[in-house]
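Q: Below you'll find the structure I mean.
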Amino acid sequence: MARTCLEAVVRILEIYHTLRKKKKKKKKKKKKNNNNNNNNNNNNNNNKDNLEEQEEKEDEKQSDEEDEEEEGEVVMVMMVLMVVMVVIVVMLIMVMVVW
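Going left to right, the sequence shown walks through residues 51 to 149 as my numbering numbers them.
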């Protein structure tokens with residue numbers, strides 16, 4: 051039972067780590083996109099560029115919302131695991147006291 055709990059904790063930590071990596075990559079992409087957007091605005095103010103920028107902003111908002119949902123799910127799973135681990139420890143202490 052303890053082994054399955056530990057495996058679950060390891061899996062959750064892996065998921066959390068990959069989510070953090072994705073978030074860092076998106077921040078780097080945002081900086082590059084901001085520089086590219088500034089260059090595009092300075093060079094030409096076409097309607098096509100404005101439409102593309104709006105679409106990119108909408109895509110970024112959607113991806114940010116999805117990331118927040120995924121992070122919320124990870125936090126919930128981690129809290130549940132913490133409660134399970136506390137229950138296991140309490141049960142082990144009770145067994146030791148009874149012995």
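A virtual CB, placed ideally from N, CA and C, is assigned to each residue, including glycine. None of these values were measured; they are calculated from a predicted model.
Just to confirm my understanding: we take V124, look at its own chain, exclude 5 residues before and 5 after, and list those with CB closer than 8 Å. What are they?
A: Counting from one through the sequence shown, the residue named residue 124 turns up at place 74. Cβ within range, chain order: I62, I65, Y66 and L69.
Q: In chain order, what residues of the same chain lie with their CB nearer than 6 Å to the CB of V127, ignoring the 5 residues before and after it?
A: Counted from its first residue, the sequence shown places residue 127 at position 77. Only I62 meet the Cβ criterion.
Q: Taking 7 Å as the threshold (C-beta atoms), are V59 and E142 in contact?
A: For the purposes of this step, residue 142 is taken as the residue at position 92 of the sequence shown. For the purposes of this step, residue 59 is taken as the residue at position 9 of the sequence shown. Going by the sequence as given, residue 142 is Leu instead of Glu. For L142 and V59, no; Cβs fall outside 7 Å.
Q: Roughly how many whole angstroms lie between the Cα atoms of Q104 and V136?
A: Translated into the one-based positions of the sequence shown, residue 104 becomes position 54. Translated into the one-based positions of the sequence shown, residue 136 becomes position 86. Each residue's Cα considered, the two are about 48 Å apart.
Q: What number of angstroms, rounded off, separates the C-alpha of M146 from the C-alpha of L56?
A: Working through the sequence shown from its first residue, we reach residue 146 at position 96. Working through the sequence shown from its first residue, we reach residue 56 at position 6. Going by the C-alpha atoms only, they are around 21 Å apart.
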